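Chains as they are written, first to last, in my numbering: chain V, 19 to 514; chain A, 495 to 660; chain Y, 3 to 324. A quick write-up on the structure given underneath.
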Amino acid sequence: MLESLLNGLAVVLQPMNLVILLSAVFIGFVGGALPGLSGVILVVILLPVTYGMDSTSAFMLLTAIYASTVFSGLITSILYRAPGTPEAVMTSFDGYPMTQKGEAGKALGIGILSSAIGGTVGTVALIVFTPLLASVALQFSSPEFFALAVLGLTVVASLGSDLLLGLIGAMIGLFIATIGIDPVTATSRFTFGSLNLASGINLIPIIVGMFAISEVLKRAGENSSHKAMKEFRIRIFDGAVLKKIRTTLARSSLLGVGVGILPGIGASTAAMISYSEAVRWSRHPECFGKGEANGIAAPEAANNAAAMGALVPLFALGIPGSGTTAIILGAFVMHGLQPGPTFMSANGELIYAVFVGLLIVNLMILAFAKPFIAVLSRLLNVPYAALGPIIIICCVVGTYSVQNSMFDVWLMLGFGVAGYLLEKINFPLVAIILGVVLGPIAESEFRRSLAMSQGDPMLFFTRPISATLLAAAIGIVTLTLLAPLWKRHRRRVAAA
Amino acid sequence: MRIPTLIFSGCVFAVSAFLAVLALGLPGSDEVSTFIGPRLWPLTVLVITMLLSILLGLRTLAAGRNAGETAGEAEERAAAPKDDTGADEAESPARSRSRHWLLLALVIAWTVAMEFVGFATATVLFAAVATWLLGNRNVLSIVVTTVVSLVLVSVVFNELLNIPLP
Amino acid sequence: MSDRNTFLAFGMAGVLAAGTLAASATMAAEDNFPDGNITFLVAAGAGGGTDNFARTIQPLLEERLDTTVNVINLPTASGAIAHQRTASGKADGRTLDFASSTLVTSLAAGQNPTGLDQLTPVARMQSDVMALVVNPDKYEDLEAFMEHAREQPGDTVIGGTAAASPDKMAFLAFQDATGLDLSFVPYDQEGSTAANVLSGNIDGMFNEISSITGYTESGKMKPILFFAEQPLEGFSEVPTTVGQGWDLTNGNERGVFVSAKTSPELVNRLESALHEIYQSDQYQQYAERVHLDYRDGWMGSDAYQQKLQQDLKQYRTLLKQQ
Numbered sequence: 019m020l021e022s023l024l025n026g027l028a029v030v031l032q033p034m035n036l037v038i039l040l041s042a043v044f045i046g047f048v049g050g051a052l053p054g055l056s057g058v059i060l061v062v063i064l065l066p067v068t069y070g071m072d073s074t075s076a077f078m079l080l081t082a083i084y085a086s087t088v089f090s091g092l093i094t095s096i097l098y099r100a101p102g103t104p105e106a107v108m109t110s111f112d113g114y115p116m117t118q119k120g121e122a123g124k125a126l127g128i129g130i131l132s133s134a135i136g137g138t139v140g141t142v143a144l145i146v147f148t149p150l151l152a153s154v155a156l157q158f159s160s161p162e163f164f165a166l167a168v169l170g171l172t173v174v175a176s177l178g179s180d181l182l183l184g185l186i187g188a189m190i191g192l193f194i195a196t197i198g199i200d201p202v203t204a205t206s207r208f209t210f211g212s213l214n215l216a217s218g219i220n221l222i223p224i225i226v227g228m229f230a231i232s233e234v235l236k237r238a239g240e241n242s243s244h245k246a247m248k249e250f251r252i253r254i255f256d257g258a259v260l261k262k263i264r265t266t267l268a269r270s271s272l273l274g275v276g277v278g279i280l281p282g283i284g285a286s287t288a289a290m291i292s293y294s295e296a297v298r299w300s301r302h303p304e305c306f307g308k309g310e311a312n313g314i315a316a317p318e319a320a321n322n323a324a325a326m327g328a329l330v331p332l333f334a335l336g337i338p339g340s341g342t343t344a345i346i347l348g349a350f351v352m353h354g355l356q357p358g359p360t361f362m363s364a365n366g367e368l369i370y371a372v373f374v375g376l377l378i379v380n381l382m383i384l385a386f387a388k389p390f391i392a393v394l395s396r397l398l399n400v401p402y403a404a405l406g407p408i409i410i411i412c413c414v415v416g417t418y419s420v421q422n423s424m425f426d427v428w429l430m431l432g433f434g435v436a437g438y439l440l441e442k443i444n445f446p447l448v449a450i451i452l453g454v455v456l457g458p459i460a461e462s463e464f465r466r467s468l469a470m471s472q473g474d475p476m477l478f479f480t481r482p483i484s485a486t487l488l489a490a491a492i493g494i495v496t497l498t499l500l501a502p503l504w505k506r507h508r509r510r511v512a513a514a
Numbered sequence: 495m496r497i498p499t500l501i502f503s504g505c506v507f508a509v510s511a512f513l514a515v516l517a518l519g520l521p522g523s524d525e526v527s528t529f530i531g532p533r534l535w536p537l538t539v540l541v542i543t544m545l546l547s548i549l550l551g552l553r554t555l556a557a558g559r560n561a562g563e564t565a566g567e568a569e570e571r572a573a574a575p576k577d578d579t580g581a582d583e584a585e586s587p588a589r590s591r592s593r594h595w596l597l598l599a600l601v602i603a604w605t606v607a608m609e610f611v612g613f614a615t616a617t618v619l620f621a622a623v624a625t626w627l628l629g630n631r632n633v634l635s636i637v638v639t640t641v642v643s644l645v646l647v648s649v650v651f652n653e654l655l656n657i658p659l660p
Numbered sequence: 003m004s005d006r007n008t009f010l011a012f013g014m015a016g017v018l019a020a021g022t023l024a025a026s027a028t029m030a031a032e033d034n035f036p037d038g039n040i041t042f043l044v045a046a047g048a049g050g051g052t053d054n055f056a057r058t059i060q061p062l063l064e065e066r067l068d069t070t071v072n073v074i075n076l077p078t079a080s081g082a083i084a085h086q087r088t089a090s091g092k093a094d095g096r097t098l099d100f101a102s103s104t105l106v107t108s109l110a111a112g113q114n115p116t117g118l119d120q121l122t123p124v125a126r127m128q129s130d131v132m133a134l135v136v137n138p139d140k141y142e143d144l145e146a147f148m149e150h151a152r153e154q155p156g157d158t159v160i161g162g163t164a165a166a167s168p169d170k171m172a173f174l175a176f177q178d179a180t181g182l183d184l185s186f187v188p189y190d191q192e193g194s195t196a197a198n199v200l201s202g203n204i205d206g207m208f209n210e211i212s213s214i215t216g217y218t219e220s221g222k223m224k225p226i227l228f229f230a231e232q233p234l235e236g237f238s239e240v241p242t243t244v245g246q247g248w249d250l251t252n253g254n255e256r257g258v259f260v261s262a263k264t265s266p267e268l269v270n271r272l273e274s275a276l277h278e279i280y281q282s283d284q285y286q287q288y289a290e291r292v293h294l295d296y297r298d299g300w301m302g303s304d305a306y307q308q309k310l311q312q313d314l315k316q317y318r319t320l321l322k323q324q
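Quick look at the structure:
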């Protein structure tokens, strides 16, 4: 393998390929930073351009863009609470409060470092364990996905804010996810006869509206618009911070790889699960949501690791792990390559070049993120009065471009107002996103599982992985419910 | 805090009850060829939502009644950030308090206008007016915002990425 | 916009020069169609099979009609928005709808308000062969599969992509023809279906041959039945539906549509342009690359119209019997 890697390195170090990687990282940075413009769209747009290239360069370009967009979503997420990509929603949860405290530089530094580490761990896992991980991923079928989604939903309990509101939020999210044509029986649900609702409500308008638009509205209502943001300096390597987040980094990176390799789950879910685990394992769970360093490290390490993990089933089995990898799969086919179980052995040279390319991309992220954000932060000196409209314009155009749909733009504005109003009662918006992301997985996989077992619900408990995951979920819920009782009991004992 | 939360729980209850009635009309498990029909899941979700919203309403009422002793953790937490904004608003002129609604109206007007006068014209107007509304009276900076937004949008989205604009 | 198009056009021009110059010269003499830009509405998301199809045609048609083509993806509601917009748009032949068989299946399932009377097919250009694919560790061949299905009614689970799709129709038609009692599980993505077959969690899947060659070549999956008239090249040992006495040959088809109000002259014009493209080396190379060359994809406007009507009738009946 070492030899293959060295060969790959030689390919990557050709000047032309380095230029391609560099420009890919740059395109990814810009695209990821713009709200509404996600990696999927960038890869699609550049697809035709790659037809003129040789396959190795083409796939280095596509995978590098893919990797760098997952990273750069955090920039606007931290600075303006306008997540550049769906994967970066969780990052805004602690990143933006930090910015409000005037620690934007610190928050960005943590984000960059965590991304690079998560991405590197993911890439190394991809290089070393692909065949092994792929066979693990195949163990996951509908019952396991259902159990995973349930476990993910228990995150609500550890979000740190009001549990009742969190539950309502998750339920609203779960409901939103049922709108559209039911994927199992093709029955229209809650579409009110509108074609625009037939394929359900896309995640992008919800996220962009609830987070970015509502924040612009809020800031417009406040009188802080004359104040420009303070100058900040990004510190990527900060000993004290690093010491604080190293456990989280390790856990989240591994968790990210684990979730990422599962087909159809994706990096957004990985970020959510990792965040909740960070809260759960933390000794100070009450600090989350208010600018906790681990709250940035966890989702960023996980989503970058998961993005790389999603390439595992693609390379090993020809099965895409996420939306963007599905398009990369299509690109393989258009290049006359045949993804499938024999793909790796047949195209070793290309794959190892792509692997090495990805490692280098992670280094590039580490190296170029700072100057890129420095240029971007010039924009920060622009008063919010000017920046607000620009953010809105980006949101509208970005949302429109996802499906070329004006309806989505209206939806986004609606969610913006809803988000603004809900914030007034301190509503945990992220619970809604959680429901929307995990809802379809939970429902469809539950029903698919029963179809697999001819209606026998014991299936969930006889399959070891799903049984373990469900047991963990039940355990967590019980603990959350019992914890206040236990505390009260201890207090009473102490008082007596 | 109390009133908005009550309004919220009322709205959630009303909407979920309405949707639950709709959900009853969906085919149930015995009417389709799969084991679980398209009705079960949304109906369950909506019923739980209804229950939770009642719970929220009751809790808010209870917390309001004995506000003195058990002020409810959630309320405390909610009150904290509100104080900050309250202070801000007190200083500012009355106009800025409703400014976000004006901005929203402007965004809506822009989105509608886009379909009639074309994207570029509408955007230029929007950027200029929005910047002015947000409190910037400096002509130069209004011009800069307008130009930057137009260039950003048309170069990045249209030329570079070939995304058709609305 | 223009950047990429010039880039593509430039590349194309080099390759195509000789072949197309003559063609476009004679064409331009006929009339001044298209007299403006052409828009492709793709009834599917970016990056999928239908999108690749449209984007392959894009530069080739630009070259032939000497115009600019904009591609807009409208994946909402299985492409129903694309059909609706095509049908209600101007009938000047400058808005083309690129659709797959999902047009008919979603129509049959009542999810697509744009009927076949509102759209005129210009041509069918791809006809992908449907296959029943199994994990070879589970079933040796069609015989073994059928035997298992007969012995344990309802216990054989077949996967496919989406609930009102060509995959589902193939399943219903297969069940109807064989009289077997099988279960169908629709997945959201083709990848999930394949993963479940590979891991043995389900018994088999219906899928188009073009997307399974990677698995079959590695021996991890095995096609045991093709929905075709005669055995396919390279798969001579795999039985076909017609060989078994079942009249099922539908797979997934992709074609181009315009508004039904478009004049027959314009439809002819577009049809002949597309036919030229279909016969060009560029297009054939693409078809070979993506394994769409197992059977002839071309079908002219009138023939395709009739076929669509038949398919719609058949799918409606199948869904009703379900």
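Even glycine gets a Cβ: it sits at the ideal position worked out from N, Cα and C. Just so we're clear, the structure is a prediction, and the values are computed from it rather than from any experiment.
Discussion item. Does the structure place the segment 135-143 of chain V close enough to the segment 177-191 of chain Y that three or more beta carbon pairs sit under 8 angstroms?
Written reply: no
Worksheet item: Rounded to a whole number of angstroms, what is the C-alpha to C-alpha distance between V:D200 and A:P532?
Response: 7 angstroms
Worksheet item: Roughly how many whole angstroms lie between the Cα atoms of A:I497 and A:L546?
Response: 17 angstroms
Item to complete: Please determine, among A:N632, A:M608, A:T640, A:T625, the residue with the shortest C-alpha to C-alpha distance to V:Y402.
Response: A:T625
Worksheet item: Name the chain V residues whose beta carbon is nearer than 7 angstroms to that of A:V601?
Response: I410, L431
Fill in: Three-pair Cβ contact test at 8 angstroms for the segment 304-323 of chain V versus the segment 120-138 of chain V
yes
Discussion item. Alpha carbons only, please: which of Y:N34, Y:E210, Y:V106, Y:F176 is nearest the one belonging to Y:A45?
Written reply: Y:V106
Practice prompt. Pair every Cβ in the segment 474-492 of chain V with every Cβ in the segment 297-304 of chain V, then say whether three or more of these pairs are closer than 8 angstroms.
Written response: no
Discussion item. Just checking: is the beta-carbon of V:G307 within a distance shorter than 9 angstroms of some beta-carbon in chain Y?
Written reply: no
Fill in: Proximal residues of chain V, C-beta to C-beta of Y:Y306 below 7 angstroms
Under the 7 angstroms cutoff, chain V gives no residues; its nearest Cβ is about 24 angstroms from Y:Y306.
Discussion item. Can you tell me which residues form a DSSP beta bridge with V:V592?
Written reply: Residue coverage of chain V in this structure runs from 19 to 514, which leaves residue 592 of chain V outside it and unanswerable.
Practice prompt. Grab me the residues of Y:S108's own chain with a C-beta within less than 7 angstroms of its C-beta, minus the 5 sequence neighbours each way, in chain order.
Written response: S80, A82, N114, A166
Worksheet item: Is A:T615 buried or exposed, if buried means 16 or more other CB atoms sit within 10 Å of its CB?
Response: exposed
Practice prompt. Measure from the C-beta of V:T498 to each C-beta in chain A and report whether the shortest distance is under 9 angstroms.
Written response: no
Worksheet item: Using the C-alpha atoms, what's the distance from V:A501 back to V:R509?
Response: 12 angstroms
Discussion item. Could you give the first and the last residue of the continuous alpha helix (DSSP H) run that contains Y:A133?
Written reply: No alpha helix (DSSP H) contains Y:A133, which is instead part of the beta strand (DSSP E) from 132-136.
Item to complete: Could you name the residues of chain Y that V:R207 contacts, counting a contact when the two beta carbons are closer than 9 angstroms?
Response: Here the premise fails: no neighbours, minimum Cβ distance about 12 angstroms.
Fill in: Own chain residues within Cβ distance below 7 angstroms of Y:Q323, not counting five before or after
D178
Worksheet item: Among Y:D53, Y:T122, Y:H293, which residue has its Cα nearest to the Cα of Y:L265?
Response: Correcting the residue type first, residue 265 of chain Y is Ser in the shown sequence and not Leu. It is Y:T122.
Discussion item. Once the 5 residues before and after Y:T41 are set aside, which same chain residues still bring their CB inside 6 angstroms of it?
Written reply: N72, T97
Worksheet item: Comparing alpha-carbon positions, which option in V:L39, V:F445, V:V88 lies nearest V:A51?
Response: V:V88
Item to complete: Look at the alpha carbon of V:F479 and the alpha carbon of V:A491, and state the distance between them as a whole number of angstroms.
Response: 13 angstroms
Worksheet item: If we ignore side chains and look at the alpha-carbon of each, how far apart do V:G49 and V:F390 end up?
Response: 13 angstroms
Practice prompt. Drop a sphere of 10 angstroms on the beta-carbon of Y:Q60, count the other beta-carbons inside from all chains shown, and report buried for 16 or more, exposed for fewer.
Written response: buried
Worksheet item: Around the Cβ of V:T417, are there at least 16 other Cβ atoms within 10 angstroms (buried) or fewer (exposed)?
Response: buried
Discussion item. Within 9 angstroms of any Cβ in chain A, is that where the Cβ of V:V448 sits?
Written reply: no
Worksheet item: Does any C-beta atom of chain Y lie closer than 9 angstroms to the C-beta of V:P331?
Response: yes
Practice prompt. Drop a sphere of 10 angstroms on the beta-carbon of V:W504, count the other beta-carbons inside from all chains shown, and report buried for 16 or more, exposed for fewer.
Written response: exposed
Fill in: Neighbour-count burial assignment, Y:G117, 16 or more Cβ in a 10 Å radius
exposed
Item to complete: Tell me where the beta strand (DSSP E) around Y:D178 begins and ends.
Response: Y:D178 -> not in any beta strand (DSSP E); alpha helix (DSSP H) instead, spanning 168-180.
Worksheet entry | For A:I530, the nearest candidate out of V:I96, V:V30, V:T205 (CA to CA) | V:T205
Worksheet entry | Residue environment, V:G15, which counts as buried when at least 16 other CB atoms sit within 10 Å | Any question about residue 15 of chain V goes unanswered here, given that chain V covers just 19 to 514.
Practice prompt. Compare the beta carbon distance of A:T543 and A:L500 with 9 angstroms and say whether it is the shorter of the two.
Written response: no
Practice prompt. Taking V:I279 and V:V226 to be in contact with their CB atoms under 8 angstroms, please state how far apart those CB atoms are, rounded to whole angstroms.
Written response: In fact, because the Cβ distance is near 28 angstroms, the residues do not count as touching under 8 angstroms.
Worksheet item: Since Y:T97 sits in a beta bridge, which residues does DSSP pair it with?
Response: Y:T41
Discussion item. According to DSSP, Y:M301 sits in a beta bridge with which residue or residues?
Written reply: Y:R126
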